[in-house]
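What follows is a short report on a single structure.
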Amino acid sequence: MLNLAVILRESAVAHPAAPALIFEGHRISYGELDAQSDAVAAALTARGVRPGDRIALQLPNVPDFPVAYYGILKAGAIVVPLNVMLRAPEIAYQLADSGARVLITWSALLDEAAKGAAEAGLTELYAAGPAPSGAARPFAELTAPCPGPLPLADRDAGDVAAIVYTSGTTGRPKGAELTNLQLYLNADIPGRLFDLRRDDVVITVLPLFHVFGMSSTMNVGIRFGAALSLVPRFTPEAVLTTITRDRATVFDGVPTMFAALLAHPDTAEYDTSSLRVCISGGDAIAARVIDGFEQRFGVPILEGYGMTETAATITFNPTPQDRRVYSVGRPVWGVEVQVWDPDGHPLPPGREHLGELVTRGYHTMRGYHGDPAATAEAFQGGWFHTGDLGYADTDGYLFIVDRKKEIIIRGGYNVYPREVEEVLHQHPDVLTAAVIGIPDERLGQEVKAFVVTRPGRLQDADAVVAHCRERLAAYKYPRIVEFRDSLPLSGAGKVLKKVLH
């Protein structure tokens, strides 16, 4: 038996009075978090939820997220985290595709969530936060105290604990099935690598609905009994204020966060001397950002590499002494990584031997939910194909150079061009469209659309942007629209995106 919620239960047994969550200066102990998540598990079970049922969770970084997350796991159900920026059609798709029977959302998100739930035929909807409307029942109904501790539902190591949605080059979201063992080891091994301690205070500003925040921050912190200082929305001021107030020791972020902190003009007004280590992931971090940040704040940034399907860690720079700056590190314990040429042959070390990174080990997903064809394609040759291009040096340190797939990473979020293109093609004036990412100093990449309009139609960039904004999450819609008479095509009729810029 292995139920991922054991990481909370064991920390609560060992140190019940220690702080588990810090939110706006208030503290929730491990004993309290364990009891509150027990209440959620008991309430869900009383409402007919059974092991293996899917429960969707759409919350920002507030205490209700870990309370609900571990409660769902304790009941033996599967967590389906949803991005808080999704629009109703996106919510409906993920609810229907996962087969979720319950949605727990945030009151400020209720309009879109309720529309999405209705479209998916889901009727059991709860909302946390202030004054939820009559469209949902209050989350408080699921948190009434129960006699405890509640026994954890019997789950096997290979059973799915979470379904986290990602996308491939087709833009169709796919649910990566992450198992109890996969998520447990992805909490245990990385936490040991950078020596997370029980007295650490971890800035938790990475979205908990994203695999980086969920697995590499929340689960790691709970596994080792650290305190998670929850920050619902990233701004440099919010993070710097929280570090100062809570004497935070660990900061996990994406490169755009480090760049924004580095660019903040008044960092000297905050006391960040408590920080001992920072961890960067989600995208390659610029050398100038690493160098400038470390010089300004006097704390090392350890860079790692992972993805949703690996929940999330593949490689890591384990310590400031052993790291190789500008590298994403070496494979963590139990994980194999090779660099393959297009014919599936392993390449030797060296920058000149650039190929696709493939990996295998305990860290890979069980598969894509309900999509055996996509699963088989991803695991060709028995290895998981990352779609990223890179090389290894002679010591096994890996360097990511480019993306084989056309994924755009905007501010740490993956944007899939095909998904945006499909929305563009729904506009009545659009004949055809192509979407690419262009360099952006603040966000890493920005979304740009090239549009060919139907004959005689008005070329109105604002209308195209508004059309996308109504149908896509805020980080996905294009901010830049360029109209063309035609798009460059290959002999096979495919758009040559490499010549667009």
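Heads up, the sequence shown is in the numbering used here, so the first residue is 855 and it goes up one at a time.
Ideal Cβ placement from N, Cα and C applies to all residues, glycine included.
Given a threshold of 16 other Cβ atoms within 10 Å of its Cβ, counted over all protein chains shown, does residue i qualify as buried or as exposed?
i, result
"P1293", "exposed"
"F1063", "buried"
"T1023", "Only weak support exists for where T1023 lies, its pLDDT of 41 falling under 50; the coordinates are left without a value."
"R991", "exposed"
"D1242", "buried"
"P920", "buried"
"E1336", "exposed"
"Q1175", "exposed"
"D1339", "exposed"
"A1117", "exposed"
"A871", "exposed"
"M1072", "buried"
"T977", "exposed"
"L1343", "exposed"
"V1289", "buried"
"V1065", "buried"
"A1346", "Residue confidence for A1346 is low, a pLDDT of 39 falling below 50, so the modelled location carries little weight and cannot support an answer."
"G930", "buried"
"T1173", "exposed"
"D918", "buried"
According to DSSP, is residue i helix, strand or coil?
i, result
"D965", "helix"
"H1064", "coil"
"R1077", "helix"
"T997", "coil"
"S1070", "helix"
"L1252", "strand"
"L1094", "helix"
"P920", "helix"
"F1233", "coil"
"E878", "coil"
"A1011", "coil"
"K1259", "coil"
"G1107", "strand"
"H1217", "coil"
"T1089", "coil"
"I1292", "strand"
"R1325", "coil"
"T1023", "The predicted model places T1023 with a pLDDT of 41, which falls under 50 and marks its position as unreliable, so this point remains unresolved."
"K1330", "coil"
"S1357", "Because residue 1357 is not part of the residues shown, which for the chain are 855 to 1355, the question remains open."
"T1058", "strand"
"L1343", "strand"
Which residues does DSSP list as the beta-bridge partners of residue i?
i, result
"R1264", "Y1267"
"S883", "P873"
"Y1159", "T1169"
"I1043", "According to DSSP, I1043 bridges with nothing at all."
"T1286", "V1306"
"H1239", "V1212"
"E1190", "R1214"
"R904", "DSSP, once it has assigned bridges, lists no residue as partnering R904."
Using only alpha-carbon positions, find the residue among the options that is nearest to residue i.
i, options, result
"V903", "L1116, N937 and A1007", "A1007"
"S1083", "N915, D1049 and E1300", "N915"
"K1302", "E1260, Q1280 and L1312", "E1260"
"L1252", "R1205, Y1124 and Q890", "R1205"
"E1130", "L1116, V1104 and V1143", "Before going on, a small fix: residue 1130 reads as Arg here, not Glu. Checking every option, the nearest Cα to that of R1130 belongs to V1104."
"I882", "P873, Q1299 and T1162", "P873"
"R1363", "L1116, E1123, D1145 and L1039", "Here the chain comprises residues numbered 855 to 1355, so residue 1363 is not present and cannot be evaluated."
"A1138", "G1146, G1160, S1128 and H1118", "G1160"
"P1001", "Y980, V1059, R1052 and E886", "E886"
"P1282", "V1189, T1307, L1039 and P917", "T1307"
"P1061", "I1168, L1208, G1291 and Y1267", "Y1267"
"R1150", "P1119, I1168, R1177 and P1172", "P1119"
"I1168", "P917, G1107, W1187 and Y1180", "W1187"
"D1249", "G1183, A1317, Y1216 and S1070", "G1183"
"E884", "L1037, G925, I1076 and K928", "Per the sequence presented here, residue 884 reads as Tyr, with Glu not at that position. Measuring from the Cα of Y884, the nearest candidate turns out to be I1076."
"Q1299", "R1052, A1287, G1265 and V1074", "G1265"
"Q1356", "D1316, L875 and R901", "This structure does not reach residue 1356, given that the chain is present from 855 up to 1355, and the question cannot be answered."
"A1015", "L949, P905 and R1052", "P905"
"A922", "V1179, F1238 and A893", "A893"
"E1163", "A1228, H1199, F1170 and I1144", "A1228"
"P1027", "L949, R1333 and A998", "L949"
At a cut-off of 6 Å, would you count residue i as near the ligand MN, judging by its Cβ distance to the nearest heavy atom?
i, result
"K969", "This structure lacks the ligand MN, and indeed carries no ligand of any kind."
Counting pairs of beta carbons, one from the region 1107 to 1123 and one from the region 1081 to 1093, are three or more of them closer than 8 Å?
yes
Taking 8 Å as the cut-off, does the region 936 to 947 touch the region 966 to 976 (at least 3 CB pairs, one atom from each stretch)?
yes
Cβ contact (3+ pairs, closer than 8 Å) linking the region 1119 to 1139 and the region 1152 to 1166
yes
Is there contact here, the region 1074 to 1089 with the region 950 to 964, by at least three beta-carbon pairs under 8 Å?
The region 1074 to 1089 is not in contact with the region 950 to 964.
Does the region 1224 to 1242 touch the region 1267 to 1287, meaning 3 or more C-beta pairs lie closer than 8 Å?
no
The region 1322 to 1330 / the region 1305 to 1313 touching (three or more Cβ pairs under 8 Å)
no
Could you check whether the region 1203 to 1220 touches the region 1183 to 1194, counting it as contact only if at least three pairs of C-beta atoms, one from each stretch, sit closer than 8 Å?
Taking 8 Å as the limit for Cβ pairs, the verdict is that the region 1183 to 1194 does touch the region 1203 to 1220.
Within 8 Å, do at least three Cβ pairs link the region 1007 to 1021 to the region 978 to 989?
no
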